[in-house]
Amino acid sequence: MDKKHEYYMQLAIDLAKKGKEDPNGGAFGAVIVKEDKILVAVHNGVKKEGDITQHAELYAIQLASKKIGKENLNQCTLYTSCEPCLMCLGACYWANFKAIYFGASAADAKEYGYVYSDVYYQMDVKKRHQEFNMIQLMAEEAIKVWQ
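Under full-length UniProt numbering, think of the first position of the sequence shown as 1, with each following residue one higher.
Next up, the structure:
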């Protein structure tokens, strides 16, 4: 695995740690990269923004779209500390990322009390990962954030 992917994933995990420690944060981080440059690096913004939709991935997508003035992020890669939930996965579909690197899986999240929709767990994981070009990376490090 290319070291740059590990670098960006570690940043997403570090943001998740920071978010967990922040009373206005949440234990999830996301980084969006375009041409080896970080466009956005955030942790969950639900408490900060007072908006239940501000999961790290969705928050990052919104900020990146505004920053580059495009609706499509097809030249970008998303690094997220955890596999995106159903809402965030929908946003990822429209963002059309080149790839999505994630740390902890949805199953891992469920074990730690972050439960997604039943519809999500009924999906074919392999098909989901293929369609969205999702690659799991540094799962153990990501899970440690919740321990």
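Beta carbons are placed, not taken as given, at the ideal position from N, Cα and C, and that holds for glycine.
Remember, it's a predicted structure, so these values are computed and weren't measured experimentally.
Applying the 10 Å Cβ sphere with the 16-neighbour rule, what's the burial state of residue i?
| i | result |
| --- | --- |
| G50 | exposed |
| V119 | exposed |
| I32 | buried |
| G69 | exposed |
Any Cβ of chain D within less than 8 Å of the Cβ of residue i?
| i | result |
| --- | --- |
| A106 | Included in the structure is just one protein chain, with no chain D present. |
Which same chain residues end up closer than 7 Å to residue i when comparing Cβ atoms and leaving out the 5 residues on each side of it in sequence?
| i | result |
| --- | --- |
| E71 | S65 |
How many Å lie between residue i and residue j at the Cα?
| i | j | result |
| --- | --- | --- |
| V115 | E140 | 19 Å |
| T53 | K3 | 31 Å |
| A12 | D108 | 17 Å |
| S117 | C85 | 8 Å |
Considering only the beta carbon of each residue, do residue i and residue j sit closer than 8 Å?
| i | j | result |
| --- | --- | --- |
| A56 | N74 | no |
| A106 | Y121 | yes |
| M138 | E6 | yes |
| A104 | A142 | yes |
Sorted by chain position, which residues of the same chain lie with C-beta nearer than 6 Å to residue i's C-beta, five sequence neighbours on each side aside?
| i | result |
| --- | --- |
| I61 | A91 and A95 |
| R128 | none |
Since residue i and residue j should fall inside the 8 Å C-beta cutoff, what is the C-beta to C-beta distance between them, to a whole number of angstroms?
| i | j | result |
| --- | --- | --- |
| G26 | K18 | Wrong, their Cβ atoms sit about 10 Å apart, outside the cutoff. |
To which residues of the same chain is residue i closer than 8 Å at the C-beta, ignoring the five residues directly before and after it?
| i | result |
| --- | --- |
| K67 | L39 and V40 |
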